[in-house]
Every structure is written in structure tokens, then in C-alpha cells.
Amino acid sequence: MRRAACGRCSGTGADRSSSAAAAADSGSVSYTSSMKPNPRLLLEAIGTVGARPGECVFIGDASRDVEAGDAAGVPTIGYANKPGKDAKLAAAGAVVIVDSMQLIADALT
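Here the sequence shown stands for residues 10 to 118, where the numbers follow the numbering used here.
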């Protein structure tokens with residue numbers, strides 16, 4: 010899971026700006042209880058790098074990602090990787106919506 014998440018940023022430059030990545034282990038007993046919108050994984054990643062939620066940004070492609078970001082106190086960028094997702098991400102409260110990871114990478118470099 011982590012490899013898939015990090016792989017999406019690979020080659021864009023955004024992977025160099027990332028300090029932590031976390032993913033639920035589908036074999037774990039607590040897998041369903043740690044799924045988004047539960048903010049546990051976000052908070053663990055933030056703690057791993059010694060940051061505070063307000064110092065971070067989360068990128069998500071689903072409404073539940075935005076909900077998890079809100080629950081953790083982390084602003085969430087909505088990634089509309091399919092038609093129609095932009096409206097759903099906006100309704101969920103994403104701070105900005107992009108349709109390309111390259112836009113995010115360019116903003117970070």
C-alpha cells in the first residue's frame with residue numbers, strides 16, 4: 010500500500026518533499042478501525058516526523074480523505090483523478106483541488 014501511494018508521486022519531484030507515508034495493513038486486526046475517515050494514520054505520520062498538523066498538508070482523492078484531514082486538523086488538497094471527483098472533493102471541504110500530481114510537485118519545487 011505504501012509503495013503504491015509513494016509511487017504515484019515518483020518522478021514528479023513531490024516524493025522529495027514528503028517526509029512520511031503511512032498505510033493501513035490489510036492483514037491487521039485493527040484494519041477497519043484505522044480506515045479513513047479515522048485520522049489515526051495521518052496523526053501517526055505527523056508524529057513520525059515530529060510535526061504538528063498545521064505544519065502539514067494531506068493529498069487525497071476521496072471525500073473520506075478530506076474528512077480524515079479535517080479530523081486530524083490537516084488541510085487537504087483534493088486530487089481529482091477521475092471526472093466528477095472535483096465536485097465531491099469540493100463538497101467535502103478540500104482546500105484546493107487539482108487534477109494533476111505534477112501541479113503539486115511544481116508548487117513544492
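We treat Cβ as the ideally placed atom computed from N, Cα and C, and that holds for glycine. A quick note: this is a predicted structure, and the numbers were derived from the prediction, not measured.
When DSSP states are grouped into helix, strand and coil, T85 belongs to the strand group.
Selection S72, I55, R73 and D74 evaluated against C65 yields I55 as nearest (Cα-Cα).
Going by DSSP, G56 is part of the alpha helix (DSSP H) stretching over R49 to T57. Annotation: A100 to T85 spans about 13 Å, alpha carbon to alpha carbon. In the displayed model, G63 falls within a helix according to three-state DSSP. Where D115 is concerned, the enclosing alpha helix (DSSP H) starts and stops at M110 to L117.
A straight line joining the alpha-carbon of D108 with that of N90 spans about 6 Å.
CA-to-CA, the gap between A81 and D95 works out to about 22 Å.
A103: not part of any alpha helix (DSSP H); DSSP gives it neither H nor E.
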